[in-house]
Ligand code: IMP
Ligand code: MG
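In this note's numbering, the protein residues as written are 3 to 185.
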């Protein structure tokens with residue numbers, strides 16, 4: 003185990019089972035969709051989306067957006083900045099499924115869903131691997147949710163702290179000593 007990980011919260015086998023279950027739910031709901039587009043929210047959702055898309059049976063396209071609500075630390079700034087937008091002239095024909103790593107305050111996803119609906123997508127839903135409902139500052143419920151977790155800062159399987167730890171194959175709790183050193 004990485005020395006900066008306090009404990010493993012979700013191991014590789016459990017992650018695989020969670021992603022398989024989500025893929026089944028998405029397959030069931032999008033079997034009649036003519037243009038399902040998975041929208042990866044960079045960079046935290048890269049690993050999750052890569053695993054999820056391999057398990058889908060329904061045809062899908064992929065796209066990416068980059069937004070930021072966090073600085074380098076462990077608490078949200080609240081304001082959303084779109085650094086990479088969708089550039090699709092066919093948006094009115096697209097059923098967008100936003101793929102997110104984790105919902106914390108709810109700011110990012112509630113903003114994005116609204117933004118993409120206003121931009122003209124045919125439909126917009128959300129799929130998150132992790133959810134910390136105790137941290138919400140805006141009411142938001144994802145359409146697909148992998149696992150609810152307690153209020154602890156997690157890393158791995160795409161999630162970072164100051165751009166590190168994304169390649170860990172499990173989701174772990176970051177040792178508080180790591181971010182205390184940087185505060
Ligand atoms: P929200 O807008 O507050 O819901 O924040 C969502 C974003 O904050 C996620 O996409 C992550 O990038 C980041 N985030 C929230 N909690 C964690 C965590 O425990 N570890 C790593 N990133 C996190
Ligand atoms: Mg993110």
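All C-beta atoms in this analysis are idealised placements derived from N, C-alpha and C, irrespective of residue type, glycine included. None of the values given here were measured: they were computed from a predicted structure.
Counted as a single uninterrupted DSSP element, the stretch harbouring residue 20 is not any beta strand (DSSP E) but the alpha helix (DSSP H) occupying residues 14-31. Distance from the CA atom of residue 85 to the CA atom of residue 93, rounded to whole angstroms, is 19 Å. Boundaries cannot be given for residue 59, as no alpha helix (DSSP H) includes it and DSSP labels it neither H nor E. In this chain, the beta strand (DSSP E) harbouring residue 128 covers 125-133. Boundaries of the alpha helix (DSSP H) harbouring residue 115: 109-120, taken from the DSSP string. Non-local C-beta neighbours of residue 44 in its own chain, meaning closer than 6 Å and more than five positions away in sequence, comprise 66, 68, ordered along the chain.
Taking each of 145, 142, 131, 139 in turn and checking the Cα distance to residue 16, the smallest one comes out for 131.
Residue 28 holds the alpha-carbon nearest to the alpha-carbon of residue 100 among 28, 19, 150, 11. With the rule of 3 Cβ pairs closer than 8 Å, the stretch 105-112 does not count as touching the stretch 54-63.
Distances from the CA of residue 81 to each of 114, 46, 5 were compared; the closest alpha carbon is that of 114. Inclusion of residue 156 and residue 11 in the CB contact set at 8 Å is warranted, their separation being smaller than that value. Short of 6 Å from the beta carbon of residue 7, and not among the five residues preceding or following it, lie these beta carbons of its own chain, in chain order: 174. At a Cβ-Cβ threshold of 8 Å, residue 172 and residue 160 do not count as neighbours.
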